[in-house]
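**Q** Those letters in the sequence shown? Residues 564 to 776, by my numbering.
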Amino acid sequence: MAAETGGSPGSTTARAIGVVRRTAFVVRAALGRREGRVTAGVVAVAYALAYGVGVGHLGLRGAARGGATGPGPVVDVAVASDPLALLTRRVGPFQYEPVALVTVGPVEYLFAPVNAAIGLGLAALVGATLAVSVVARRGPAACRLEAGAGAAAGVPGILSGFACCGPTLLLAIGVQASAGLLAVMGWFLPLSAAGLVATLLWVGSRVDPAAVG
Numbered sequence: 564m565a566a567e568t569g570g571s572p573g574s575t576t577a578r579a580i581g582v583v584r585r586t587a588f589v590v591r592a593a594l595g596r597r598e599g600r601v602t603a604g605v606v607a608v609a610y611a612l613a614y615g616v617g618v619g620h621l622g623l624r625g626a627a628r629g630g631a632t633g634p635g636p637v638v639d640v641a642v643a644s645d646p647l648a649l650l651t652r653r654v655g656p657f658q659y660e661p662v663a664l665v666t667v668g669p670v671e672y673l674f675a676p677v678n679a680a681i682g683l684g685l686a687a688l689v690g691a692t693l694a695v696s697v698v699a700r701r702g703p704a705a706c707r708l709e710a711g712a713g714a715a716a717g718v719p720g721i722l723s724g725f726a727c728c729g730p731t732l733l734l735a736i737g738v739q740a741s742a743g744l745l746a747v748m749g750w751f752l753p754l755s756a757a758g759l760v761a762t763l764l765w766v767g768s769r770v771d772p773a774a775v776g
């Protein structure tokens, strides 16, 4: 009995390590194939752009001011006078002060390094999960993915948008949000990130490496 009890934590740890290693292998194998790279790239770029729009850092010139602007330079970069001081200054739940304004034609992008890193990380998780799902479906006999596995990857990522634009959404629909509700919204992003990691591990554990190798 003692031997079984003592061996249980080790067995659980070994299984967890095995799932992580298997997932890492199937992700590398999926990204090693053309359809996997295309899927991951397209999904990641689309998600990163949507995330930028969602947090209000990506948009059209003059749109926020409600008026048109002159033609101006095709590409322009304006950096804050003290970007290091603004780097980690929070302006909302998991939203940080921009340190530069990049203008490309009619498009404006407020560059906040921490927000950019968060968006790219979430985009990479969504892209990798969908890439594995797409490539694995080439060999359905060797894969145990249900029909909704690919769609499930995007759900946590969608929820992450509420961490930054939740208060704005509440104001737009006229809801009087309490401090407690706003505090709860601050947990959407970490919970969503954890959900994306869990989804990727779940998909990776259910894919036979032979299906993507």
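We put the CB at the ideal spot given by N, CA and C, even for glycine.
#1: Exposed or buried, what is A577 when buried is set at 16 or more other beta-carbons lying within 10 Å of its beta-carbon?
#2: For V583 and A641, what's the separation of their Cα atoms in angstroms?
#3: Can you name, in chain order, every residue of its own chain whose Cβ lies under 6 Å from the Cβ of G690, other than the five neighbours on each side?
#4: Closer than 7 Å by C-beta to A593: which residues in its own chain qualify, once you throw out the five before and the five after it? Chain order, please.
#5: With a threshold of 7 Å on Cβ separation, who are the neighbours of T586 within its own chain once the five nearest residues in sequence on each side are excluded?
#6: Relative to the alpha-carbon of Q658, which residue among A643, L647 and F674 has its alpha-carbon at the smallest distance?
#7: Contact check, L784 vs G615 under 8 Å by CB: the rounded distance?
#8: Cutting at 8 Å between CB atoms, please list the residues of its own chain near L650, excluding the five before and the five after it.
#9: Does DSSP put R591 in a helix, in a strand, or in coil?
#10: Sort out for me which residues DSSP pairs R624 with in a bridge.
#11: Among all the DSSP beta bridges, which residues are the ones paired with L664?
#12: Considering only residues of the same chain and omitting the five flanking positions on each side of R652, which have a CB-CB separation below 7 Å?
#13: Can you give the Cα-Cα distance for L688 and P656, rounded to whole angstroms?
#14: Among L752, I580, A611 and F751, which has the Cα closest to the Cα of L683?
**A** According to the structure data:
#1: When all chains shown are included, A577 counts as exposed.
#2: Looking at the two C-alpha atoms, the distance is approximately 42 Å.
#3: Answer for G690: A603, V606 and A607, listed in chain order.
#4: Contacts found: G599, A694, V695, V698 and V775.
#5: Once the five neighbours on either side are set aside, the close Cβ partners of T586 are L763, L764, G767 and S768.
#6: With respect to the C-alpha of Q658, the residue from A643, L647 and F674 having the closest C-alpha is F674.
#7: Since the first residue of the chain shown is 564 and the last is 776, residue 784 is not available in this structure.
#8: These residues qualify, in order along the chain: Y659, E660, V662, P676 and V677.
#9: Correct three-state label for R591: helix.
#10: None; R624 has no bridge partner.
#11: Looking at the DSSP assignment, L664 forms a beta bridge with A641 and L673.
#12: Correct list, in chain order: Y659 and E660.
#13: Straight-line measurement puts the Cα of P656 at about 21 Å from the Cα of L688.
#14: For the residues L752, I580, A611 and F751, the minimum Cα distance to L683 belongs to A611.
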